[in-house]
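Numbering (our numbering), first residue to last: 22 to 284.
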């Protein structure tokens, strides 16, 4: 379901909150939005991310995205300090296990430890649901704005390497598509960004990207995904999944229609 809203008229004077903003895609997007004139608040569970946020001119709030009370407190801090909120980028995400821990082997869903399952669901699913719940009133109070959530190409394709991770990313796309029409009434757009492989902490510690590249992985710079996030925010469209693939510009995924319902 694609909806449209009033085009986003630039970032100058806007306030943006980015989860998972202390590294990778989140930090790259924070830099990009600051360059465009936005006031950016980086949210991350890792307290050391505050130093990286300060280095690029962003504010910082420590946040466990799986905790709804922490979300409420974070949004309150942002609105009190900066006067409101215009953009929320729900970017925090993890895999069931980092690639560095499992090598090239696939995640065994049947024998997956409950704690691993709960952890990935808390960040990838709860982090999006609780995030939307927390930021919506603040964005609506500004007369509209934009929400973006990081999904993945794994949410669009079969990804047997980590089926639980893929399921969480498909969930993000489903929420985005379903919420688009509802939020259009408040002049709020909501979109998903769907990257392929990216050089971020999600794949493992320093050196993991190089080892994966030696095995043939084509990993993107986080700045390329930041461009997709900016395009999703500024397009004025809603309910879209913006694919970010190596060597290609960000582009909308063409969803098929359900015969007999969407003909």
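Note that CB positions come from ideal geometry on N, CA and C, so glycine has one too.
All values reported here derive from a predicted model rather than from experimental measurement.
- DSSP places residue 118 outside any alpha helix (DSSP H), giving it a letter other than H or E.
- Fewer than three pairs of CB atoms, one per stretch, sit closer than 8 Å, so the stretch 157 to 166 makes no contact with the stretch 178 to 198.
- Around residue 204, the same chain offers 211 as residues with beta carbons nearer than 6 Å, after the five sequence neighbours per side are excluded.
- Within the stretch 156 to 200, the runs of beta strand (DSSP E) that reach at least 3 residues and sit entirely inside it are, in chain order, 166 to 171.
- For residue 141, the number of other beta carbons within 10 angstroms of its own is at least 16, and it is reported as buried.
- The closest CA to that of residue 32, considering only 243, 104, 55 and 47, is found on 55.
- By the criterion of at least three beta-carbon pairs nearer than 8 Å, the stretch 63 to 75 is in contact with the stretch 83 to 90.
- Exclusion of the five residues before and after residue 191 leaves 176 as the residues of its chain whose Cβ lies within less than 6 Å of its Cβ.
- Assignment of residue 150 by DSSP, reduced to helix, strand and coil, places it in the helix class.
- In terms of Cα proximity to residue 202, the closest of 251, 261, 150 and 255 is 261.
- In the structure shown, the three-state DSSP call for residue 136 is helix.
- With respect to residue 165, residue 112 sits apart: the two C-beta atoms are not nearer than 8 Å.
- Residues of the same chain with a CB within less than 6 Å of the CB of residue 60, apart from the 5 flanking positions on each side, are 36 and 103 in chain order.
- The Cβ atoms of residue 195 and residue 40 do not sit closer than 8 Å to each other.
- For residue 280, no alpha helix (DSSP H) segment is defined, and its DSSP state is neither H nor E.
- Distance from residue 213 to residue 263 at the Cβ level is roughly 7 Å; contact confirmed, criterion being Cβ atoms closer than 8 Å.
- Under the three-state reduction of DSSP output, residue 250 falls in the helix class.
- Looking at the backbone, the Cα of residue 34 and that of residue 44 are separated by about 24 Å.
- When the five nearest sequence neighbours on each side are left out, the beta carbons in the same chain lying within less than 7 Å of the beta carbon of residue 93 are those of 155, in order along the chain.
- The DSSP-derived three-state label of residue 219 is strand.
- By alpha-carbon distance to residue 118, the top candidate from 239, 146 and 133 is 133.
- Within 10 angstroms of the beta-carbon of residue 139 lie fewer than 16 other beta-carbons, which makes it exposed.
- Scanning its chain for C-beta atoms nearer than 6 Å, with the 5 sequence neighbours on each side dropped, one finds around residue 137 the residues 117, in chain order.
- Non-local C-beta neighbours of residue 79 in its own chain, meaning closer than 6 Å and more than five positions away in sequence, comprise 51, 61 and 63, ordered along the chain.
- Taken through DSSP and simplified to helix, strand or coil, residue 44 comes out as coil.
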